[in-house]
Amino acid sequence: MKLSRLAIVALVFGAALPLPGFAEDWPQFKFDSRHSGNAADREIDPAKLGFQGAVPLTDGIYTAPVIADGTIYVLDGSGVAFAIDAETLAVTWKTPTKGGPGNCNNVSSPAIAGPYLHFGTTAGIYYVLNRADGSVVREIDLRDPIFSTPVVSGDRVYLVTLGAQVLALSHDGIESWRWDFVKEVIGFPGNRWSGEEWYAHKQGRVNWKDHFCASRNLAVHGKTVVIPAGGRVIFLEDEGEKPRVRIIGEIPKQHGSEYPAAFGLSLAEDGAAYVQWHRRDNAARTEILRLKDDDTLEFAMLPGSETYIDAPGLMSFSSVSLRGDDIYRTRPEKDFGLCRHRSDTAEPKSLSSFASISPPVLVKNHAIFGGLEGALHIAPLSGDGEPFTFPTLFGHPVTAPAAVADGRVVFGGEDGYLYVLAPGKNVALKADNLGIHQIRTGLSGSYTDPKYDWYTNYGNMGSTNSNQQGIEPPLKMRWILRNDGTVKHIPVCGGGRMYVHTAEGQVIAVEQETGRLLWRKYHPGVFLSFTSPIYHNEKIIVPQSGINGSVMQCLDAATGEMLWEAPFTGSASWSRQFPPVIHGNLAIYASGSGDYAPAGSEKAFAWRAVEETAPDKEVMSFIYSHNNPFYPRNSRPRIWAWNVETGELVWEKDFSNIGSGGNDCGIALMEGELYYSTFFGYQAKKLKRRGLKQEVNGLTAAINPETGEVRWQTTDYFVTGGCTLTAKDGRLYLGGFNQPDDETEDRFIHCLDAKDGSLVWRSEPVKSAINVVSVGDQFLFSNAIGSLCQLFDRETGKISYQFDLDYACTRFTLSEPFLMGANMDMIDLRNGHKLVATGPAIDSRECLGSAVSNGRIFYISQASGLIMSAVCGEDAKRLSPAWETR
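Residue numbers (my numbering): -2 to 883.
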């Protein structure tokens, strides 16, 4: 059953027929202190549900409502608390909170404790309100953002800050005790949000062991408080005046040893903790931690929850819901949006196809959850019959769980409306778009001109990965927000917004100035698309890649509305973070084609796992290994050019007459010319051994971007996988992970003359040159897959300086004279490699560096679900984060 959006628009603010008297409450996030989501005593009949109305708030809604005594309580994104009469939908009171424009993206769902309403804010202030009139009973200034919902258990209310301070309060907000993970476990005594103080404390850079954030919800079983913080799971026992640490739990080493991120926590009736964790690159699962009487842990995995880079399935980004032996779980994956797991069953059962990042709640016979496509879904727990679907007014996602009481289903939309469904008829009225997408706080400072935008993954059309914007340490945090997705690209900025594309198919826009979420769009069918968007003339163009189909998508940068999409083929593998390049009215993109699966058909085409196919069929792993030396015969290197206004295909180029491959490639524009380079692997020798025509191992070409005509091409020099092409000042720079052929173990960077493809220089041997060769006005930089960083003489290719700070595969950027690394690391290259800033460590996986755009520093954690921005210099003197704005 589905209600149309047109029908809903005609019903907003409608008054339903009188409902039964108020008897049921929904006191906190997912119903109880364990966040089980289990409300088996609640019964709803979707066939009788109608639209009672929608109440406009002041911003998008990212929290779950609570209900008591016939009143709905909710907190919107701007930190305004509302009390709404459940029968009339009249606003009884509303209470704004402190922190200014930066007090946005509030995700701390309120909780009811007797006559009080508790919640935290992004501004780092914890509030206790009188439920009767919204007056402030207590205001606790923690100067630390609060993302977790408070949890009520007995006569206590528990909270944890993003900085992992845990507090126990009475119902009226009196503090009983406080425990600090950063001080007690990490041993850092300073301001956890100050990179300057981390730098002074560490005398070196922060790393995964310094990760401390508690960005998701805590949960409580009786007097046992369970907190996911810093990639660990802490079990505290509330002993009255102080807590006792029972154990600092560590997730088992699986696909890496760094501390993983927790994206969801729920507790079973016996206190077992179900933790949805992620370490890197879709390596994730739901772990079950059982605390024994001797304060040790037993570990188990929830069957059917494990995902990996070469296995089918996307990870989950929310907590599970529990009823007896049944475990219900959502994920942002078409056809597996809601699944039921059992500990004794290997594979889950799909109950709904709609992708979701919102945890489900369970009533007697149904599961209720929000969808990324812009609807609330009510699915039968039996798996029989179609789910009831209720679309939001303007197609905005529902990303927080619902509340259910007295037959009503109450939930918030990212469009800023609080929706109420109830049995009965409806009265028709019109609704207005609240304009949540509109920028409220514009970009400020000396670098607001669009020429300072970092508008694409590698900074510009030449993929130089470099700029100069006068930044200097120390850095000062400006904002931080939660992200329910994994990311492999550098932040992209333009039009006063920052844009993010998750590997699971979400595209998100936030204000550059405050981080306030403006819009979120989702494309189904995406599988580990490590691709970046590009901003161009108020458009966002992003490759959305999937095993069963890929599209180039063009969105309105202001609203996220789709303008056009066009099909393409290929894997969004490690080296293809780049989006299209823009020449005039053309968007130009390169990749390969062929047959793909999570696991390849033989070792040469795979990451690790191999899945046999028919003898005459070669299948490529969608995400394959860095050192991939071969490509299937049907992998065709291709380039597409679309009209940027309409999506019409203008021209296409296919280089399969030269070699097989196309996914390990790079493109760049310079002075009106398109440059393309791709790796075919070691196919020449392989084909010769098989008695076939000897071919070549790669190609670099100069192409007329208007027509696709090849101006010149060479098969002597080319990128060798895991690295794009860089173009600057009449030269091309080609790096890669692999050696150029199988007769040498050496890797090189080649510099070509862009006029004819002739060799200018070949560098001294390097271990590898991954991601991109960064070419600035002062420095030419590259790094290897391990940790070796190198500067090169741009005239000779000789290594002029090298250093090792024990990084992994970090995607650095240059903002000269600084090299920008993971977790806000800044390395001054003017005299050696002096680390001048580091921290805080918000990500334990160091895949991505930060980028400088418009004089600000922006950073996306690859694995840990956080995004942050920092300022420096004059901006740091006049701008403070919301948790320091009073």
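Glycine residues also receive a C-beta, built at the ideal position from the N, C-alpha and C atoms. The structure displayed is predicted, hence computed values, not measured ones.
With contacts defined by Cβ atoms closer than 7 Å, residue 286 and residue 210 do not form a contacting pair. Residue 673 and residue 139 have their C-alpha atoms spaced approximately 53 Å apart. Sixteen is the threshold: when 16 or more other Cβ atoms of the shown chains lie within 10 Å of the Cβ of residue 235, as they do, the residue is buried.
Inter-segment contact for the region 611 to 627 and the region 579 to 598 is present: three or more beta-carbon pairs are separated by less than 8 Å.
Judged by beta-carbon spacing, residue 94 lies within the 7 Å limit of residue 118, meaning their Cβ atoms are closer than that value.
In terms of Cβ geometry, residue 230 and residue 155 do not form a close pair [threshold 7 Å]. Inclusion of residue 406 and residue 367 in the CB contact set at 7 Å is not warranted, their separation being larger than that value. Shown here for residue 65: same chain residues with a beta carbon closer than 6 Å to its own, the five before and five after excluded, namely 22, 109 in chain order.
Taking a C-beta distance under 7 Å as the contact criterion, residue 659 and residue 588 qualify as a contact pair. Here residue 663 carries a strand assignment [DSSP, helix/strand/coil].
The beta carbons of residue 464 and residue 812 sit closer together than 7 Å. Counting C-beta atoms within 10 angstroms of its own C-beta, residue 709 has fewer than 16 neighbours from the protein chains shown and is therefore classed as exposed. Per DSSP, reduced to three states, the secondary structure at residue 830 is coil, with no helix or strand assignment. In the DSSP annotation of this structure, the continuous segment of the beta strand (DSSP E) that includes residue 533 starts and ends at 531 to 533. In the pairwise beta carbon analysis, the region 28 to 38 is classified as touching the region 316 to 326: at least three pairs are separated by under 8 Å.
Around the beta carbon of residue 85, fewer than 16 other beta carbons sit within 10 angstroms, so the residue counts as exposed.
Of 237, 297, 212, 834, the smallest CA-CA separation from residue 250 is found for 297. Contact check between the region 778 to 798 and the region 465 to 473: fewer than three CB pairs, one atom from each, fall below 8 Å, which does not count as touching. With 16 or more other Cβ atoms inside 10 Å of its own Cβ, residue 501 counts as buried.
Between the beta-carbon of residue 522 and that of residue 546 there is about 6 Å, and that keeps the pair under the 8 Å contact cut.
Residue burial is scored here from C-beta neighbours: residue 512 has at least 16 other C-beta atoms within 10 angstroms and is therefore classed as buried. The region 622 to 631 and the region 329 to 342 do not touch, with fewer than three beta-carbon pairs separated by less than 8 Å. Listed in chain order, the beta strand (DSSP E) runs fully inside the region 360 to 389 are 363 to 368, 372 to 377, 385 to 388, counting runs of at least 3 residues. Annotation for residue 644: 551, 561, 562, 563 place their beta carbon closer than 7 Å to its own, counting only its chain and skipping 5 residues before and after.
By the neighbour-count definition (other C-beta atoms within 10 Å, threshold 16), residue 279 is a buried residue. The residue among 484, 414, 199, 693 with its C-alpha nearest the C-alpha of residue 48 is 414.
Per DSSP, reduced to three states, the secondary structure at residue 65 is strand. Here residue 743 carries a coil assignment [DSSP, helix/strand/coil].
The residue among 503, 489, 38, 738 with its C-alpha nearest the C-alpha of residue 311 is 503.
For residue 52 and residue 868, the gap between their C-alpha atoms comes out near 37 Å.
The beta carbon of residue 607 sits closer than 8 Å to those of 596, 597, 598, 599, 600, all from its chain and outside the five residues before and after it, given in chain order. DSSP links residue 733 through a beta bridge to 766. Where residue 196 is concerned, the enclosing alpha helix (DSSP H) starts and stops at 192 to 199. Residue 493 sits in coil when the DSSP states are folded into three classes, being neither helix nor strand. Nearest to residue 359 by alpha-carbon distance, out of 382, 326, 786, 695, is 326. By a beta-carbon distance limit of 8 Å, residue 725 contacts residue 459. Their separation comes to about 5 Å.
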